[in-house]
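Enquirer: Residue numbers (full-length UniProt numbering): 1 to 180.
Beta carbons are placed, not taken as given, at the ideal position from N, Cα and C, and that holds for glycine.
Just so we're clear, the structure is a prediction, and the values are computed from it rather than from any experiment.
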Amino acid sequence: MNTIEVGDRKFEISITNERINERTKLIAAQISADYKDKCPIFIGVLNGSFLFMADLLKETEIPCEVAFMKVSSYQGGLTSSGEMKEIFGLPDNLKDRHLILVEDIVDTGFTLKYILEKVYLQAPASVRVCSLLFKPEAILSPIKELEYVGFEIPNEFVVGYGLDYDELGRNLKHIYRTIS
Ligand code: XMP
Ligand code: MG
1 MNTIEVGDRK
11 FEISITNERI
21 NERTKLIAAQ
31 ISADYKDKCP
41 IFIGVLNGSF
51 LFMADLLKET
61 EIPCEVAFMK
71 VSSYQGGLTS
81 SGEMKEIFGL
91 PDNLKDRHLI
101 LVEDIVDTGF
111 TLKYILEKVY
121 LQAPASVRVC
131 SLLFKPEAIL
141 SPIKELEYVG
151 FEIPNEFVVG
161 YGLDYDELGR
171 NLKHIYRTIS
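Now the structure itself:
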């Protein structure tokens, strides 16, 4: 199905699961080469990263640790408010470790800015960000750590493959863009 309803909106297909998988394999190979002897800690930012994190990690071929964290914010609907509340679950043993933060999407960059400030307090050896999606036109707080990007997309709202519209649509296997 090329169009789909999620909540009160219609969406059309934007990036198929097949394209996501192809791209994910390439990124995993790149990360595996870059971190061969570094035993990185992958930290998935919930909820949006859960599928990408799983598919990415299955394709990596290096010793690594896996963790998840969550940021609660006041956002909902179609816009990113930039107001953060709190971080849950960030591991407390990050000193001198190589970190890869895994995100579903970088939009304004405010979420990552907030997370990175907390992460650097622990003096990790290095920090990079891997995001499935990036909206270059929407960025307000540039993220110098953004090293691995699956797809650059226009400034349009998307759902599916972990991304939600008011918590719906995370289970869709493809990524869809809003049409109404
Ligand atoms: P910022 O603006 O802080 O946004 O970089 C990051 C978080 O905002 C959510 N977000 C989206 N969620 N479709 C979604 O389902 C989108 O197009 C979208 N843009 C931003 C998302 O939770 C992300 O982690
Ligand atoms: Mg969301």
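By alpha-carbon positions, which one of GLU61, GLY48, VAL102 ends up nearest to ASP166?
Expert: As a position in the sequence shown, residue 166 is number 166, starting the count at 1. Selected option, being the one with the closest Cα: GLY48.
Enquirer: Within the 8 Å Cβ cut-off, does ILE153 reach chain B?
Expert: Absent from the structure is chain B; it holds one protein chain and no more.
Enquirer: Taking only heavy atoms of the ligand FAD into account, decide whether any of them is closer than 7 Å to the Cβ of THR108.
Expert: What this structure holds is the ligand XMP and the ligand MG, not the ligand FAD.
Enquirer: In this structure, what does DSSP give as the bridge partners for GLU5?
Expert: Residue numbering aside, residue 5 sits at position 5 when the sequence shown is read from its first letter. Bridge partners of GLU5: LYS10.
Enquirer: Can you have a look at LEU121 and say buried or exposed, based on whether 16 or more other CB atoms are within 10 angstroms of its CB?
Expert: Position 121 of the sequence shown, counted from the start, is the residue given in the question as residue 121. Label assigned to LEU121: exposed.
Enquirer: Heavy atom of the ligand XMP less than 7 Å from the Cβ of PHE68, yes or no?
Expert: The residue given as residue 68 occupies position 68 in the sequence shown. Checking the Cβ of PHE68 against the ligand XMP gives no.
Enquirer: Just how far apart, CA to CA, sit GLU86 and SER131?
Expert: By one-based count along the sequence shown, residue 86 stands at place 86. By one-based count along the sequence shown, residue 131 stands at place 131. The alpha-carbon atoms of GLU86 and SER131 are separated by roughly 21 Å.
Enquirer: Under DSSP, the alpha helix (DSSP H) around ASP164 begins and ends at which residues?
Expert: Numbered from its first residue, the sequence shown carries residue 164 at position 164. No alpha helix (DSSP H) contains ASP164, which DSSP labels as neither H nor E.
Enquirer: Quick check for students: name the residue ranges of the alpha helix (DSSP H) that lie wholly in the UniProt domain "Phosphoribosyltransferase" (23-165), counting only runs of 4 or more.
Expert: 50-59, 110-120
Enquirer: Residue 196: which of GLU137, LEU94, LEU133, PHE134 sits nearest, CA to CA?
Expert: No answer is possible for residue 196: it lies beyond the span of the chain, which begins at 1 and ends at 180.
Enquirer: Give the range of the beta strand (DSSP E) segment to which ILE179 is assigned.
Expert: Start at 1 with the first residue of the sequence shown, and residue 179 comes out as number 179. Where ILE179 is concerned, there is no enclosing beta strand (DSSP E), given that its DSSP letter is neither H nor E.
Enquirer: Taking 7 Å as the cut-off, is the CB of THR24 close to at least one heavy atom of the ligand XMP?
Expert: Here residue 24 corresponds to residue number 24 of the sequence shown, with the count starting at 1. THR24 Cβ: outside cutoff for every heavy atom of the ligand XMP.
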